[in-house]
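Numbers given in this note's numbering equal positions in the sequence shown, counted from 1, plus 191.
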Amino acid sequence: MIKKFCLMIMVSLVLLVGCKTEKEAAIAPQAETPTAVAGQGVDAGAAFITEEELGIRDWDLYTEDGDFEFLTNYSNAAPGTATRVDRSFENAPPLIPHMVTGFVPIKSSNNICLTCHMPAVAVALKSTAIPASHFTNFRPEIKKEANGLYAVQAKEGEVVANDMKGQLNQARFNCTQCHVPQSQITVDLENIFSPDFRNELLKNQSNLLDVVKEGIDN
Numbered sequence: 192m193i194k195k196f197c198l199m200i201m202v203s204l205v206l207l208v209g210c211k212t213e214k215e216a217a218i219a220p221q222a223e224t225p226t227a228v229a230g231q232g233v234d235a236g237a238a239f240i241t242e243e244e245l246g247i248r249d250w251d252l253y254t255e256d257g258d259f260e261f262l263t264n265y266s267n268a269a270p271g272t273a274t275r276v277d278r279s280f281e282n283a284p285p286l287i288p289h290m291v292t293g294f295v296p297i298k299s300s301n302n303i304c305l306t307c308h309m310p311a312v313a314v315a316l317k318s319t320a321i322p323a324s325h326f327t328n329f330r331p332e333i334k335k336e337a338n339g340l341y342a343v344q345a346k347e348g349e350v351v352a353n354d355m356k357g358q359l360n361q362a363r364f365n366c367t368q369c370h371v372p373q374s375q376i377t378v379d380l381e382n383i384f385s386p387d388f389r390n391e392l393l394k395n396q397s398n399l400l401d402v403v404k405e406g407i408d409n
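Here is the structure:
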């Protein structure tokens with residue numbers, strides 16, 4: 192009986208010591224992995240790039256004292272004399288090939304672009320006409336319900352396209368939000384994108400209103 196009692200005590204002590212060791216190991220701080228620091232670290236001869244040197248321009252990123260004028264060379268061609276630029280992709284906003292001095296800032300009450308690009312005069316001036324999509328309201332009507340909440344008056348997945356009868360949608364009055372002037376510059380990153388046009392005419396025209404429901408009705 193005494194032998195069994197002593198054996199039980201010894202087993203209990205072994206288990207107690209083992210649990211304590213595992214607990215201490217679990218809470219023991221882990222050794223930090225050495226990390227390389229600029230000017231220090233594993234290879235003292237390695238070339239490090241500092242934050243000031245990051246980027247493709249050749250001056251400190253934390254200063255704006257550099258000469259930015261050489262970065263841009265915008266067209267100074269008068270409207271009607273510049274060569275038209277093909278669209279970047281099908282139905283992409285056409286790029287502005289002519290000068291925009293005096294055109295900006297564009298305001299809803301003062302938009303010089305409309306002088307040449309409204310459909311009524313674009314043909315005679317041989318300018319790019321504002322497409323039908325700009326005379327269409329794609330925003331569904333919103334009504335306040337009896338419970339005080341506002342609900343969209345359109346079905347799930349429905350494309351709303353309300354003809355504004357020749358009135359320019361003022362949601363699109365700020366032309367330069369999408370249409371941008373072009374600059375002759377040298378870039379360090381080559382653009383290898385090549386657009387596909389289903390119709391050659393779409394390089395200079397828009398049929399967005401005709402295809403806006405593509406993939407929805409089918």
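Backbone N, C-alpha and C define an ideal beta-carbon position, used for all residues, glycine too. For clarity, every value in this text was computed on a predicted model and none was experimentally measured.
(message) Along the chain, where does the alpha helix (DSSP H) containing A315 start, and where does it finish?
(response) P310 to L316
(message) Just to confirm before moving on: does the CB-CB distance between N398 and R275 stay below 8 Å?
(response) no
(request) Name the residue from G271, L340, T367 and F280 whose alpha carbon lies nearest to the alpha carbon of C307. (result) G271
(request) Determine the burial state of N338: buried for a count of at least 16 other Cβ atoms within 10 Å of its Cβ, exposed for fewer. (result) exposed
(message) With the cut-off set at 8 Å, would you say V371 and I287 are in Cβ contact?
(response) yes
(message) Could you check whether A323 and L393 sit closer than 8 Å to each other, using their CB atoms as the reference points?
(response) no
(message) On the DSSP letters alone, give me the boundaries of the beta strand (DSSP E) that V343 sits inside.
(response) Y341 to V343
(message) Less than 8 Å between the C-beta atoms of A313 and H289, yes or no?
(response) no
(message) What would DSSP say about T319, mapped onto helix, strand or coil?
(response) coil
(message) Let me check understanding here. Comparing Cα to Cα, which of A283, F326, T263 and I240 lies closest to S374?
(response) T263
(request) Just the C-alpha distance for A238 and S279, rounded to the nearest angstrom, thanks. (result) Distance between the alpha carbons of A238 and S279: 40 Å.
(message) Measuring straight from C-alpha to C-alpha, what distance separates K335 and T241?
(response) 56 Å
(message) Counting beta carbon pairs with one atom in the region 361-371 and one in the region 295-306, are three or more of them shorter than 8 Å?
(response) yes
(message) To the nearest angstrom, how far is the alpha carbon of M355 from that of F326?
(response) 6 Å
(message) Tell me the DSSP secondary structure of K346 in three-state form.
(response) For K346, the three-state secondary structure derived from DSSP is coil.
(message) Can you check which of these residues, E281, S385, Y265 and Y253, is closest to V402 by C-alpha distance?
(response) V402 has its Cα closest to that of E281, out of E281, S385, Y265 and Y253.
(request) Determine the extent of the alpha helix (DSSP H) in which D401 is found, giving its start and end residues. (result) L399 to V402
(message) Beta-carbon within less than 7 Å of I247's beta-carbon, same chain only, minus the 5 sequence neighbours each way: which residues are those?
(response) D379
(message) If the criterion is Cβ atoms closer than 8 Å, does the pair Q361 and S299 meet it?
(response) yes
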